[in-house]
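One point on numbering: in our numbering, the residue at position 11 of the sequence shown is 9, and numbering is uninterrupted.
Don't be surprised by glycine CBs; every beta carbon is placed ideally from N, CA and C.
As the structure is a computational prediction, the values presented were derived from the model and not from experiment.
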Amino acid sequence: MAEQANCFDDPRLVKAMAHPLRRRILEILQAGIASPTELSRELSEPLGNVSYHIRVLSEVGLVRLVRRTERRGAFEHHYEAVTGVLLGDRCPLTLDALAFEQLSGEIAKLLERAQRLHEQTLDRQAGVAATPNGGTGGLILMLYQASPAM
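Listed below in structure tokens is the structure:
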């Protein structure tokens, strides 16, 4: 079996998706292309904060630069969400302790299955110069226990 780091344990992805402003930015970029300036206005957040979070999302491959536009002697950068990042199905859930435990177990099973599929793909690709369709996929699942409201 081919050896590769387990992408499910990448703390950079988990950290990137854990910040609420980054999730909001990704939701907007799912719908279209925007610059940090446009995002800053839409989110009512300081431009510096938005630019920082865009940089983090870009470093982990969740957004990409699609064009640069000259504005008053400087360049405005426009980004889009990377195809296949699905956030639209995210919804808040109310789960008691038993339901949370049950859902955690189901997600663990799904991750085990995804890891097996990943390993099978690596085995099939061993010695092959490129993936036949040139594509790869990723998986991000988040189940978190919110702190009780104060």
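Worksheet item: How many whole angstroms separate the CB atoms of LEU55 and VAL61, which I take to be in contact at a CB cut-off of 8 Å?
Response: For the purposes of this step, residue 55 is identified with residue 57 of the sequence shown, where counting begins at 1. For the purposes of this step, residue 61 is identified with residue 63 of the sequence shown, where counting begins at 1. Correct: roughly 4 Å between the Cβ atoms.
Worksheet entry | Environment of SER42 [buried if 16+ CB atoms lie within 10 Å] | By one-based count along the sequence shown, residue 42 stands at place 44. Exposed, since its Cβ has fewer than 16 Cβ neighbours within 10 Å.
Worksheet item: Which whole runs of the beta strand (DSSP E) in the region 21 to 95 are 3 residues long or more, in chain order?
Response: 61 to 69 and 72 to 79
Practice prompt. Determine, using beta carbons only, whether GLU78 and SER33 come nearer to each other than 7 Å.
Written response: Along the sequence shown, one-based indexing puts residue 78 at 80. Along the sequence shown, one-based indexing puts residue 33 at 35. Going by beta carbons, GLU78 and SER33 fall outside the 7 Å limit.
Fill in: When THR67, ALA16, ARG70 and HIS76 are compared against SER38, the one with the closest alpha-carbon
In the sequence shown, counting from the first residue as 1, residue 38 sits at position 40. Of the candidates THR67, ALA16, ARG70 and HIS76, the one whose C-alpha sits nearest the C-alpha of SER38 is HIS76.
Fill in: Simplified DSSP state of HIS116, which is helix, strand or coil
Counting from 1 along the sequence shown, the entry for residue 116 is found at position 118. If DSSP states are grouped into helix, strand and coil, HIS116 belongs with the helices.
Worksheet entry | Whole-angstrom C-beta distance between VAL58 and LEU11, which should lie under 8 Å | As a working note, residue 11 is residue 13 in the sequence shown. As a working note, residue 58 is residue 60 in the sequence shown. Between VAL58 and LEU11 the Cβ distance is about 6 Å, and since that is below 8 Å, they are a contact.
Worksheet item: From GLU36, GLY46 and HIS51, pick the residue whose C-alpha is nearest to that of ARG21; which is it?
Response: The residue given as residue 21 occupies position 23 in the sequence shown. The option with the nearest alpha carbon to ARG21 is HIS51.
Worksheet item: ARG64 and ILE31: beta carbons closer than 7 Å?
Response: Within the sequence shown, numbered from 1, the residue matching residue 64 stands at position 66. Within the sequence shown, numbered from 1, the residue matching residue 31 stands at position 33. The identity of residue 64 in the sequence shown is Val, whereas the question assumes Arg. Less than 7 Å separates the beta-carbon of VAL64 from that of ILE31.
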